[in-house]
Amino acid sequence: MKLLITGATGKLGTKIVDHLLRRINADDLVVSVRNVEKAEDLKARGVEVRHGDFDLPKTLATAFAGIDRLLIISTDGEETTRIRQHTAAIEAAQAAGIGLIAYTSIANAQASQNFLARTHQVTERLIEQTGIPYVFFRNNWYLENEMATIDAVRDGADWLTAAGDGKVGWALQDDYAEAIATVLTTDEPKAIYELSGPLLTQTEIAQALGAVLARPVAVQQVDLAMYADIMKQAGLPDFLIPMLISIQEGIAQDTLAVESQDFEQILGRPPVAISDALERLLKR
Numbered sequence: 001m002k003l004l005i006t007g008a009t010g011k012l013g014t015k016i017v018d019h020l021l022r023r024i025n026a027d028d029l030v031v032s033v034r035n036v037e038k039a040e041d042l043k044a045r046g047v048e049v050r051h052g053d054f055d056l057p058k059t060l061a062t063a064f065a066g067i068d069r070l071l072i073i074s075t076d077g078e079e080t081t082r083i084r085q086h087t088a089a090i091e092a093a094q095a096a097g098i099g100l101i102a103y104t105s106i107a108n109a110q111a112s113q114n115f116l117a118r119t120h121q122v123t124e125r126l127i128e129q130t131g132i133p134y135v136f137f138r139n140n141w142y143l144e145n146e147m148a149t150i151d152a153v154r155d156g157a158d159w160l161t162a163a164g165d166g167k168v169g170w171a172l173q174d175d176y177a178e179a180i181a182t183v184l185t186t187d188e189p190k191a192i193y194e195l196s197g198p199l200l201t202q203t204e205i206a207q208a209l210g211a212v213l214a215r216p217v218a219v220q221q222v223d224l225a226m227y228a229d230i231m232k233q234a235g236l237p238d239f240l241i242p243m244l245i246s247i248q249e250g251i252a253q254d255t256l257a258v259e260s261q262d263f264e265q266i267l268g269r270p271p272v273a274i275s276d277a278l279e280r281l282l283k284r
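Each residue of the sequence shown is one higher than the one before, counting from 1 in the UniProt record's numbering.
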């Protein structure tokens, strides 16, 4: 069985490939990347590297040829661009006769009001419409997404948030990667996996970080307007601030408060405990 991973040189993709190579032979793994030069290390490990650019659909026909299972890692960027790119990949997969399409989605995708959800809603439906067996990895939130705040707290700042008491299922990206790699090499995977760590509020994650740092961490709860002002004063570019506000708003509305035991069912263990996960990130 030939597996292909798109976006394999990205942060999540790299970790998925690492876990796959612990489970299958390199001969059974193919990666599709925009810049093949960035995948030289994978070539050296025996992985076949193909050029595949979601903005150049013709390259995907060659990239996906002879593949049994495909993982489409959702792209970054503006919504219409992402949907166009995902559509190109899905159409190429269908034309190539792929046997199973897997896709990295968002928590509770079809019912979610999260600002990121529409891209995933459209993509999931497009995959369903192909009639090809599919797996949706509905990923909650990577703990690594909080690195800027974690670093600021380590340097003496409060834990800043506009998310109120909203809950998040944080887990390390490596746990997501291991779960995805495990499912991709399972004979009969489920169609949908909700990958979520234990649900925590901003106050609870700040308390966990304080325990790791061996000192209290204060939580500064602000409204969205003040949060935007603080981000601007911190020197963040104007184009980035609306996205950060939307993230805070989505958390406050509990769009990520999705409970699930799928991590434990897949891995045979829960995701790395939040205190241990924070300690790992602080040691990087």
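Virtual Cβ for every residue (Gly too), placed ideally from N, Cα, C.
Proximal residues to residue i (C-beta, below 6 Å), its chain only, five neighbours per side dropped
| i | result |
| --- | --- |
| residue 235 | none |
| residue 100 | 69 and 133 |
| residue 63 | 32, 50 and 52 |
| residue 180 | 16 and 137 |
| residue 154 | none |
| residue 144 | 173 |
| residue 6 | 32, 72 and 73 |
| residue 246 | 115 |
Same chain, Cβ closer than 8 Å to residue i, neighbours up to 5 away in sequence not counted
| i | result |
| --- | --- |
| residue 109 | 117, 120, 121, 124, 136 and 138 |
| residue 111 | none |
| residue 113 | 250, 253 and 255 |
| residue 146 | 170 and 205 |
| residue 57 | 88, 91 and 92 |
| residue 79 | 118 and 119 |
| residue 230 | 160 and 222 |
| residue 126 | 86, 87 and 90 |
For residue j and residue i, believed in contact at Cβ under 8 Å, the rounded distance
| i | j | result |
| --- | --- | --- |
| residue 4 | residue 67 | 4 Å |
| residue 286 | residue 182 | No information on residue 286 is available, as it lies outside the stretch 1 to 284 that the chain covers here. |
| residue 271 | residue 171 | 4 Å |
| residue 217 | residue 159 | 6 Å |
| residue 257 | residue 190 | So it is not a contact: roughly 22 Å between Cβ atoms. |
| residue 150 | residue 282 | 7 Å |
| residue 65 | residue 39 | Their Cβ separation, rounded to whole angstroms, is 18 Å, which puts residue 65 and residue 39 out of contact at 8 Å. |
| residue 259 | residue 200 | At roughly 12 Å, the Cβ-Cβ gap does not stay under 8 Å, so residue 259 and residue 200 are not in contact. |
Cβ neighbours of residue i in the same chain (closer than 7 Å, five flanking residues each side left out)
| i | result |
| --- | --- |
| residue 248 | 161, 162, 163, 224 and 227 |
| residue 219 | 158, 159, 161, 202, 203 and 206 |
| residue 175 | 263, 271 and 272 |
| residue 208 | 274, 275 and 278 |
| residue 192 | 136 and 138 |
| residue 36 | 49 and 51 |
| residue 85 | 54, 55 and 75 |
Among the options, nearest to residue i - alpha-carbon criterion
| i | options | result |
| --- | --- | --- |
| residue 61 | 147, 195 and 89 | 89 |
| residue 213 | 195, 178 and 152 | 152 |
| residue 222 | 194, 279, 202 and 34 | 202 |
| residue 188 | 126, 102 and 145 | 102 |
| residue 77 | 55, 277, 46 and 94 | 55 |
| residue 43 | 58, 26 and 184 | 26 |
| residue 28 | 94, 144, 87 and 17 | 17 |
| residue 10 | 74, 113, 47 and 20 | 74 |
| residue 186 | 20, 7 and 8 | 20 |
| residue 72 | 284, 105 and 194 | 105 |
| residue 34 | 41, 59 and 46 | 59 |
| residue 210 | 156, 239, 243 and 14 | 156 |
| residue 2 | 47, 80 and 126 | 47 |
| residue 243 | 115, 97 and 30 | 115 |
| residue 97 | 45, 131, 184 and 80 | 131 |
| residue 24 | 269, 184, 268 and 94 | 184 |
Run of the alpha helix (DSSP H) containing residue i, from where it starts to where it stops
| i | result |
| --- | --- |
| residue 246 | 241-252 |
| residue 31 | Taken as a continuous stretch (DSSP letters only), residue 31 belongs to no alpha helix (DSSP H), being part of the beta strand (DSSP E) at 29-33. |
| residue 17 | 11-20 |
| residue 137 | Residue 137 -> not in any alpha helix (DSSP H); beta strand (DSSP E) instead, spanning 134-139. |
| residue 221 | From DSSP, residue 221 is part of no alpha helix (DSSP H) but of the beta strand (DSSP E) over 219-221. |
| residue 50 | Note, residue 50: premise wrong, no alpha helix (DSSP H); beta strand (DSSP E) at 48-51. |
Neighbour-count burial assignment, residue i, 16 or more Cβ in a 10 Å radius
| i | result |
| --- | --- |
| residue 128 | exposed |
| residue 22 | exposed |
| residue 232 | exposed |
| residue 261 | exposed |
| residue 107 | buried |
| residue 215 | exposed |
| residue 197 | buried |
| residue 148 | exposed |
| residue 240 | exposed |
| residue 177 | buried |
Contact test: residue i Cβ vs the ligand PLP heavy atom, cutoff 8 Å
| i | result |
| --- | --- |
| residue 36 | For the structure depicted, the ligand PLP is absent and the ligand set is empty, with no information on it obtainable. |
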